[in-house]
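This report refers to the structure that appears directly beneath it.
Residue numbers (full-length UniProt numbering): 1 to 280.
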């Protein structure tokens, strides 16, 4: 069965970057693309009908133009214009998709906005497949695919996704494990050296185990493993600011938990310093 990549499309710079990224992945994996534009609005508002019709026509024109360009490049492309809440509609498309790719929902001139990445977080939290959120940020001069590793099943899936992307891009894979020491008891000002040394060693051992099988699948893949003390999202975002891509696990499980994004992945998507994949 041919892998299908769904791309949420808008007439924005971030959306164009998302489409370019999705096309590159589809080309390398022999996947097909489904371009989706969701026309929102208050259903039933007075005088809305004519506006909605014009919006739908404009959306279809945009999708058809993108489709023609991509098909000329040899890709298989379908398009769909939907009506309703963008988050719900895009989430509904993920049940049969291999991947959802969206541009971020903040303006490139408003990167300090507290609403940066809000729609992306909601879509990622509800999606049934991996989601890649692309900001309007140039990655020129950056190198590497950063992936957070914590030994969980979703972390294993994230490592597999990140390794495939690093191999596809011909870039190093940067697996990162971050350990956080327990809070110091009252009256104790420093940690015992043995405790810190032991935590570092255990974390290094766990990370080595997590990436041990990658050489068999990707013999030419360059690994730049990192083990650091600190808070996971802070360390990941710092490394991601110099990387081509970031990958994290969602930690959502079950019908209800799937709509709750783990705190670390939520903080990484909220910062969105690089194209970011959240994997289940």
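Ideal Cβ positions, reconstructed from N, Cα and C, are used throughout, including at glycine.
Because the structure is a prediction, the values reported are computed rather than measured.
Rounded C-alpha distance that separates residue 114 from residue 276: Looking up residue 114 in the chain shown gives position 114. Looking up residue 276 in the chain shown gives position 276. The predicted model places residue 114 with a pLDDT of 48, which falls under 50 and marks its position as unreliable; any figure quoted below should be read in that light. If I take the Cα positions, the gap works out to 18 Å.
Beta carbon of residue 278 nearer than 8 Å to that of residue 130: As a first step, residue 278 must be located in the chain shown, where it is residue number 278. As a first step, residue 130 must be located in the chain shown, where it is residue number 130. Their beta carbons are under 8 Å apart, which means residue 278 touches residue 130 by this criterion.
Under the three-state DSSP convention, the category residue 199 falls into: Position 199 of the chain shown holds residue 199. Helix at residue 199.
For residue 242 and residue 142, believed in contact at Cβ under 8 Å, the rounded distance: To locate residue 142, count along the chain shown from 1; it is residue 142. To locate residue 242, count along the chain shown from 1; it is residue 242. Right, the Cβ-Cβ distance comes to about 6 Å (below 8 Å), so this counts as a contact.
Sequence-distant residues of its chain with Cβ nearer than 6 Å to residue 94 (five each side left out): For the purposes of this step, residue 94 is identified with residue 94 of the chain shown, where counting begins at 1. Only 100, 127, 128 and 129 meet the Cβ criterion.
Whether residue 281 touches residue 134 by CB criterion (8 Å): It is not possible to answer for residue 281, since the shown part of the chain is limited to 1 through 280.
Closest residue to residue 266 among 81, 55 and 121 (Cα-Cα distance): As a first step, residue 266 is located in the chain shown; it is residue number 266 there, counting from the start. Distance check between residue 266 and each of 81, 55 and 121 places 121 closest, using alpha-carbon atoms only.
Environment of residue 14 [buried if 16+ CB atoms lie within 10 Å]: Along the chain shown, one-based indexing puts residue 14 at 14. Its Cβ being crowded by 16 or more others within 10 Å, residue 14 is buried.
Classification of residue 108 by the beta-carbon crowding that lies within 10 angstroms, buried from 16 upward: The residue given as residue 108 occupies position 108 in the chain shown. Low local confidence applies: a pLDDT of 43 at residue 108 is under 50, so the model's placement there is unreliable, with the coordinate-based value given in what follows. With fewer than 16 other Cβ atoms from the protein chains shown falling within 10 Å of its own Cβ, residue 108 counts as exposed.
The stretch 27-35 contacting the stretch 69-82, beta-carbon criterion three pairs below 8 Å: yes
Contact belief for residue 173 with residue 145 at Cβ below 8 Å, rounded distance in angstroms: Taking the chain shown and counting its residues from 1, the one referred to as residue 173 is at position 173. Taking the chain shown and counting its residues from 1, the one referred to as residue 145 is at position 145. Their Cβ separation, rounded to whole angstroms, is 5 Å, which keeps residue 173 and residue 145 in contact under 8 Å.
Proximity to residue 8 [Cα-Cα], best of 176, 177, 136 and 81: Translated into positions along the chain shown, residue 8 becomes position 8. Answer by Cα proximity: 81.
Cα-Cα separation between residue 161 and residue 247, rounded to whole angstroms: For this step, residue 161 is matched to residue 161 along the chain shown. For this step, residue 247 is matched to residue 247 along the chain shown. Rounded to whole angstroms, residue 161 to residue 247 spans 8 Å at the Cα level.
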